[in-house]
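For reference, the structure is listed below as structure tokens.
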DNA sequence: CTATATCCTATCGATTTACTAGGAATTTGT
DNA sequence: ACAAATTCCTAGTAAATCGATAGGATATAG
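Chains as they are written, first to last, in our numbering: chain Y, 1 to 145; chain A, 1001 to 1145.
Take a look at the structure:
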């Protein structure tokens, strides 16, 4: 079980935007350059972030992206879910509470509760971490640049 | 982010073995039949469980698999990790504590702690759930069959 | 011996992941 | 008006992973 680069890069994009919140629109190229990532790839990710209403885009020269909400109002969970669809450990259980179980009817789905519990715990965890928590780190140099 | 069938099926195998702990070796075929899963596929999973020293195999007719430890001594984390390699949200961080970061040196890896934190939390969670917790459920019919 | 099992290796179709390519549309500055 | 910068959109693609299948070698109970 792991998070993919989609989630990882997306959080990086959002952190980058948080740190440059006072600089007006930030171009994706500058973000890609700073983190040494593919701009085209990030493009697809930030498209989802835009659809999820987490960032606002400004087209044209000197354009770029701006956070749509305060970093204290955006959770890591929102970010990851917007690009990954869901953080559910097991797909089917994210859709519905009843597990589409293929077991013998006599055999109970003893593991069902486990996945629901894991799913909820992971979601709770990422929903408790705000973008502002990642930016305001001791020893960070937000005041320098 | 999700757990795959590898982890899910493996837990099902282990729960099945737990419930039949007094019946001697349990054949994989019977497990596959009960849960309506592919025996060949489970074979690959239980191979990992054996390597991880979670089950013992008995070859030949009337053979099968037996739990190597008490269900109260086996965690869900051990099971999932043995078939999935790692439960780390991000691969690199499971190997080492230092993130192999490709960022501009001036740009700090602000998200590093996040993934470490997530990894540790998920691991902690699955390591706190024992096989015995999944079997001893209220309303379960372990006494019937 | 034979049936029942585990064991081992190889393959395979489908899906997802990470990434690339190319161009249309929009806006700023000259 | 024009050029440069930038978002926006679609399509494709190589590699990895996932879920599963196939076929046979090895071992053991009866």
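No residue lacks a Cβ here, since even glycine has one placed at the ideal position from N, Cα and C.
Just the C-alpha distance for residue 8 (chain Y) and residue 1020 (chain A), rounded to the nearest angstrom, thanks.
42 Å
Check the DSSP bridge columns for residue 56 (chain Y) and list the partner residues they point to.
Y:66
Do the stretch 29-45 of chain Y and the stretch 72-81 of chain Y meet, that is, are 3 or more Cβ pairs less than 8 Å apart?
no
Classify residue 1064 (chain A) as buried or exposed, calling it buried when 16 or more other Cβ atoms lie within 10 Å of its own Cβ.
buried
Using a 10 Å radius around the Cβ and a threshold of 16 neighbouring Cβ atoms, would you call residue 43 (chain Y) buried or exposed?
exposed
Of all the CB atoms in chain Y, is at least one closer than 7 Å to the CB of residue 1045 (chain A)?
no
Which of helix, strand or coil does DSSP assign to residue 1004 (chain A)?
coil
Could you tell me whether the Cβ atoms of residue 1049 (chain A) and residue 1068 (chain A) are closer together than 7 Å?
no
Proximity below 7 Å, CB of residue 80 (chain Y) to CB of residue 14 (chain Y):
no
Using a 10 Å radius around the Cβ and a threshold of 16 neighbouring Cβ atoms, would you call residue 1016 (chain A) buried or exposed?
buried
Excluding sequence positions up to five away, which residues of its chain have a Cβ less than 7 Å from the Cβ of residue 1126 (chain A)?
1075, 1076, 1077, 1080, 1087
Just how far apart, CA to CA, sit residue 1010 (chain A) and residue 1037 (chain A)?
11 Å
Roughly how many whole angstroms lie between the Cα atoms of residue 134 (chain Y) and residue 1117 (chain A)?
12 Å
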